[in-house]
Amino acid sequence: MSNEAVIQTGVISHEVHEHQGAHHHHETFISKYVFSQDHKMIAKQFLITGMIWAILGGLMSVLFRIQLGYPEATLPWLEDIFGHWAKGGKISPEFYYALGTMHGTILIFFVLTAGLSGTFANFLIPFQVGARDMASPFMNMLSYWFFVLASIIMMSSLFVQTGPAAGGWTVYPPLSALGDASIGSKIGMDLWLISMALFVVSQLLGGLNYVSTILNMRTKGMTMTRLPLTIWAIFFTAILGLLSFPVLLSGFILLLFDRHLGTSFYLSDIVIAGKILPNEGGSPILYQHLFWFLGHPEVYIIILPTMGLVSEVMSINARKPIFGYMAMVASLFAIAVLSFLVWAHHMFVTGLNPFLGSVFVLLTLLIAVPSAIKVFNWLTTLWRGNIRFTPGMMFCIGFVSTFISGGLTGIYVGNSTLDIHVHDTYFIIAHFHIVMGVSAFMGMFAGIYHWFPKMYGRYMNNTLGYIHFWITLACAYIIFWPMHYEGFAGMPRRYYDYSNWESFKQFTELNQVISFAAILSFLVQLLFLFNFFYSIFKGRKVTTKNPWGATTLEWTTPIRPGHGNWPGEIPEVHRWPYDYGKDGVDFIPQTEPVTKDESKH
């Protein structure tokens, strides 16, 4: 079907919908807010569900940072809340490992994958490509509800008697494959695997929808080279998910088989409490290959959307065209391809053939090139720009800062000889939290502050936004920068108590500083939550359709667009999305026809 036909179909269906609406009155509360098929409402559902998970995951990190910073302390209120998991006011080792496992799972998958992509892919794709809605609104709704179902099952694992999964967020076998291996390997692990399987289904439904909508439902004139970088980033992210998540699902299904059907995909020559198990022929390394084949694209499934959001918000607030548009698209493509070729750099210490390891070292260092191109392009976009320091722009600049500092440490861990020393130490924690966790949150916050007026027709409070930014950035560096030095000193991750280790006692005060910063960082996120929900109802009202002076299509819709986005025909696109400061004009919308005497970009 041609673009013109799609547009006409969209206009007709929108008119029919309005005509039917006149007969059926308005939607019910359930059809509008619960089982909505409007991409804008589904985006808000993903965002608020992701926020709930972020608070839960952040709270878990506060609890285990209390343990790490003050291992000798007894806090009676912990026993009041957690019962036998914190007897005598001290978190038990089993509960500590469960907290670490659930924190990683929640933040990586439920917040920075579903919460981030689910929000901005749903919200921006139809708006910015010029579509009434997603290719399949029903499938879109199903994607959200599969995510909710996965969330409910994951949450329920916190309340079973033996506790949630406690094998690390990667749930490596044989620990995860044997129910008798530890208390955290019992029913909590089954619930974890079932929840993650449903989560994968949610991601696949969403990814198919995103790709279909971008390829098939662009408005007239919206060629691929006129797409905003946000859409390019989401497009590549969706493709990564569609190709890598099924591999993870197969890994989880085989793990369930080993747990309950007596198979030996990952098990061989296992002894538990002096008893030799009959399993033979399997290999836990197989699971690592399956997990990290998703695991490294997953890093970019998290970071690519934020790269798109940052590019967009930065160009708008620098009042300059994004520097090197095609280089940005090409680097997104290069990152997407290379991300599938580097998974075994997580496995340098598994006995990997050294020659094969050297190939993965080369490919890993190669992926730094497109990332460096993007950093160069962001810095040159900022260079001599007429910068507006909105909260969204501040988080963009914070993103570039953390992405550079976190990315540089990746050169260490991408080198197999250096990685042997720092593997599974605090250096690894510092590296991936800064480059993937903090940077992704920076980009996500930039997007929320920037598109909040389009989501809710009101502004968030700027003063609270600035406080949120500065404390978050400062705490991020105070928490994770010192961990690099702890890692170089050999301090292993996932340990419950370092106070009995003579070699790590020197870090006692440093760990207390880190724990204090972690608690402060968590509290300032509550300030952001207050700002977000207060502004939905009481924020300053938006009075103009295009408050930021942006060029993309979402700002041509009404301030509070209805289902269908544009009340009349969908506008036609005539130019690329970054005409800022051109020919003495502040900005030229994509819908403005190109004139004869206009300079070329």
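At position 274 of the sequence shown the residue is numbered 346 (our numbering), and the sequence of numbers has no breaks. Just so you know, even glycine gets a beta-carbon here, dropped at the ideal spot from N, CA and C.
Practice task
Could you pull the start and end residues of the alpha helix (DSSP H) that PHE154 belongs to?
Solution key: The residue given as residue 154 occupies position 82 in the sequence shown. Secondary structure note for PHE154: its alpha helix (DSSP H) is the uninterrupted segment 148 to 154.
Exercise for the section: Spell out a yes or no on whether the stretch 348 to 363 and the stretch 484 to 499 are touching, meaning 3 or more CB-CB pairs, one atom from each, closer than 8 Å. Expected result: Judged by pairs of C-beta atoms under 8 Å, the stretch 348 to 363 does not touch the stretch 484 to 499, as fewer than three such pairs exist.
Practice task
Give the DSSP bridge partners of PHE659, in chain order.
Solution key: Sequence index remark: in the sequence shown, residue 659 carries index 587 (1-based). Note: PHE659 sits in a beta bridge opposite TYR652.
Practice task
Report the residue ranges of all alpha helix (DSSP H) runs contained in full by the stretch 494 to 533; include only those spanning at least 4 residues, in chain order.
Solution key: Runs of the alpha helix (DSSP H) inside the stretch 494 to 533: 498 to 504 and 511 to 528.
Problem - Beta-bridge partners of LYS682, as assigned by DSSP - result: Residue 682 lies beyond the residue range present for the chain, which begins at 73 and ends at 673; the question has no answer from this structure.
Handout entry: Separation of LEU119 from THR629, as counted between CA atoms
Key = Position 557 of the sequence shown, counting from 1, holds the residue named residue 629. Position 47 of the sequence shown, counting from 1, holds the residue named residue 119. If you take the alpha carbons of THR629 and LEU119, they lie about 21 Å apart.
Exercise for the section: Decide if GLY640 is buried, meaning its Cβ has at least 16 other Cβ atoms within 10 Å, or exposed. Expected result: One-based indexing of the sequence shown puts residue 640 at position 568. Answer is exposed; the Cβ neighbour count stays below 16.
Practice task
Return the first residue and the last residue of the alpha helix (DSSP H) that ASP262 is part of.
Solution key: Start at 1 with the first residue of the sequence shown, and residue 262 comes out as number 190. Looking at the DSSP string, the run of the alpha helix (DSSP H) that includes ASP262 is 259 to 288.
Exercise for the section: Specify the secondary structure class of ILE138 as computed by DSSP and reduced to three states. Expected result: Within the sequence shown, residue 138 is the residue found at index 66, counting from 1. Reduced to three states, the DSSP call for ILE138 is helix.
Exercise for the section: May I ask which residues mark the beginning and end of the alpha helix (DSSP H) holding ASP669? Expected result: The residue labelled residue 669 in the question sits at position 597 within the sequence shown. Boundaries cannot be given for ASP669, as no alpha helix (DSSP H) includes it and DSSP labels it neither H nor E.
Exercise for the section: Return the chain-ordered list of same chain residues with a C-beta closer than 8 Å to the C-beta of GLY160, the five sequence neighbours on each side being excluded. Expected result: Position 88 of the sequence shown, counted from the first residue, corresponds to residue 160. These residues qualify, in order along the chain: THR146 and GLU151.
Problem - Collapsed DSSP secondary structure at VAL421 in the structure displayed - result: Taking the sequence shown and counting its residues from 1, one reaches residue 421 at position 349. Here VAL421 carries a coil assignment [DSSP, helix/strand/coil].
Problem - Identity of the residues DSSP links to LYS347 by a beta bridge - result: Along the sequence shown, one-based indexing puts residue 347 at 275. LYS347 is bridged to ILE344.
Exercise for the section: Out of TRP217, ILE286, LEU230 and LEU315, point me to the one whose CA is closest to LEU270's CA. Expected result: Numbered from 1 along the sequence shown, position 198 holds the residue referred to as residue 270. Of TRP217, ILE286, LEU230 and LEU315, the residue nearest in Cα terms is TRP217.
Practice task
Quick one: grab the DSSP three-state call for PRO245.
Solution key: What you label residue 245 is simply residue 173 of the sequence shown in a count that begins at 1. In the three-state DSSP reduction, PRO245 falls in the coil class, being neither helix nor strand.
Problem - Element boundaries [alpha helix (DSSP H), containing ARG331] - result: Translated into the one-based positions of the sequence shown, residue 331 becomes position 259. It spans 301 to 332 - the alpha helix (DSSP H) in which ARG331 sits, taken as one unbroken run.
Practice task
State the Cα-Cα distance for the pair TRP415 and PHE432, rounded to the nearest angstrom.
Solution key: Walking along the sequence shown from the start, residue 415 turns up at place 343. Walking along the sequence shown from the start, residue 432 turns up at place 360. CA-CA distance, TRP415 to PHE432, rounds to 8 Å.
Practice task
Would you decide whether PRO525 is buried or exposed? Buried here means 16 or more other CB atoms lie within 10 Å of its CB.
Solution key: Within the sequence shown, the letter at position 453 stands for residue 525. Burial call: buried.
Practice task
Given a cut-off of 8 Å, decide if PRO643 and THR291 are closer than it, judged by their beta-carbon atoms.
Solution key: In the sequence shown, the residue the question calls residue 291 occupies position 219. In the sequence shown, the residue the question calls residue 643 occupies position 571. Their beta carbons are under 8 Å apart, which means THR291 touches PRO643 by this criterion.
Problem - Beta-carbon proximity list for PRO665, same chain, < 6 Å, skipping 5 on both sides - result: The residue you call residue 665 lines up with position 593 of the sequence shown. Contacts found: HIS646.
Handout entry: The alpha helix (DSSP H) enclosing GLY479, as first and last residue numbers
Key = Translated into positions along the sequence shown, residue 479 becomes position 407. Element bounds for GLY479: 463 to 485.
Handout entry: For PRO564, the three-state DSSP class (helix, strand or coil)
Key = Residue mapping note: residue 564 aligns to position 492 of the sequence shown, counting from 1. DSSP places PRO564 within a strand segment (E or B) once states are collapsed to three.
Exercise for the section: Could you check if THR615 is buried or exposed, using at least 16 other CB atoms within 10 Å of its CB as the buried criterion? Expected result: Residue 615 sits at position 543 when you count from the first residue of the sequence shown. Classified as exposed, THR615 has fewer than 16 neighbouring CB atoms from the shown chains inside 10 Å of its CB.
Handout entry: GLN117 - DSSP class collapsed to helix/strand/coil
Key = Position 45 of the sequence shown holds residue 117. Of the three classes helix, strand and coil, the one that applies to GLN117 here is helix, per DSSP.
Exercise for the section: Measure the C-alpha to C-alpha separation of GLY559 and ILE266 and round it to an integer number of angstroms. Expected result: Counting from one through the sequence shown, the residue named residue 559 turns up at place 487. Counting from one through the sequence shown, the residue named residue 266 turns up at place 194. For the pair GLY559 and ILE266, the Cα-to-Cα distance works out to about 34 Å.
Practice task
Go ahead and pull the three-state DSSP assignment for THR624.
Solution key: Numbered from 1 along the sequence shown, position 552 holds the residue referred to as residue 624. DSSP places THR624 outside both helix and strand once states are collapsed to three, so it counts as coil.
Practice task
Could you say which of TYR397, GLY235, LEU404 and GLY323 lies nearest to ILE306 if we only look at CA atoms?
Solution key: Position 234 of the sequence shown, counting from 1, holds the residue named residue 306. It is LEU404 whose Cα lies nearest to the Cα of ILE306.
Handout entry: Cα-Cα separation between TRP455 and ASN487, rounded to whole angstroms
Key = For the purposes of this step, residue 455 is taken as the residue at position 383 of the sequence shown. For the purposes of this step, residue 487 is taken as the residue at position 415 of the sequence shown. Rounded to the nearest angstrom, the two C-alpha atoms are 33 Å apart.
Handout entry: Extent of the continuous alpha helix (DSSP H) to which MET206 belongs
Key = Along the sequence shown, one-based indexing puts residue 206 at 134. Annotation for MET206: no alpha helix (DSSP H) segment contains it, and DSSP assigns it neither H nor E.
Handout entry: Same chain only: Cβ atoms within 7 Å of GLY93, ignoring 5 sequence neighbours per side
Key = Position 21 of the sequence shown holds residue 93. With a pLDDT of 35 at GLY93, under the threshold of 50, the modelled position of that residue is not reliable, and no figure is offered here.
Handout entry: Limits of the unbroken alpha helix (DSSP H) element including LEU434
Key = Working through the sequence shown from its first residue, we reach residue 434 at position 362. For LEU434, the enclosing alpha helix (DSSP H) has its first and last residue at 426 to 438.
Problem - For MET294, the three-state DSSP class (helix, strand or coil) - result: For the purposes of this step, residue 294 is identified with residue 222 of the sequence shown, where counting begins at 1. The answer is coil: DSSP assigns MET294 none of H, G, I, E or B.
Exercise for the section: Pull up the distance between the alpha-carbon of SER189 and that of ILE348, whole angstroms please. Expected result: Here residue 189 refers to the residue found at position 117 of the sequence shown. Here residue 348 refers to the residue found at position 276 of the sequence shown. If you take the alpha carbons of SER189 and ILE348, they lie about 46 Å apart.
Exercise for the section: Less than 8 Å between the CB atoms is what I'm expecting for MET400 and ASN449, so what's the real figure, rounded? Expected result: Your numbering for residue 400 matches position 328 in the sequence shown. Your numbering for residue 449 matches position 377 in the sequence shown. In this structure, MET400 and ASN449 form a Cβ contact; the two beta carbons are roughly 6 Å apart against a cut-off of 8 Å.
Exercise for the section: Please name the residue, chosen from GLY470, PRO246, GLY256 and PHE182, that lies closest to ILE224 on a Cα-to-Cα basis. Expected result: Numbered from 1 along the sequence shown, position 152 holds the residue referred to as residue 224. When only C-alpha atoms are compared, the closest one is PHE182.
Exercise for the section: Would you identify the three-state DSSP class for LYS162, choosing helix, strand or coil? Expected result: Translated into the one-based positions of the sequence shown, residue 162 becomes position 90. The three-state secondary structure of LYS162, taken from DSSP, is coil.
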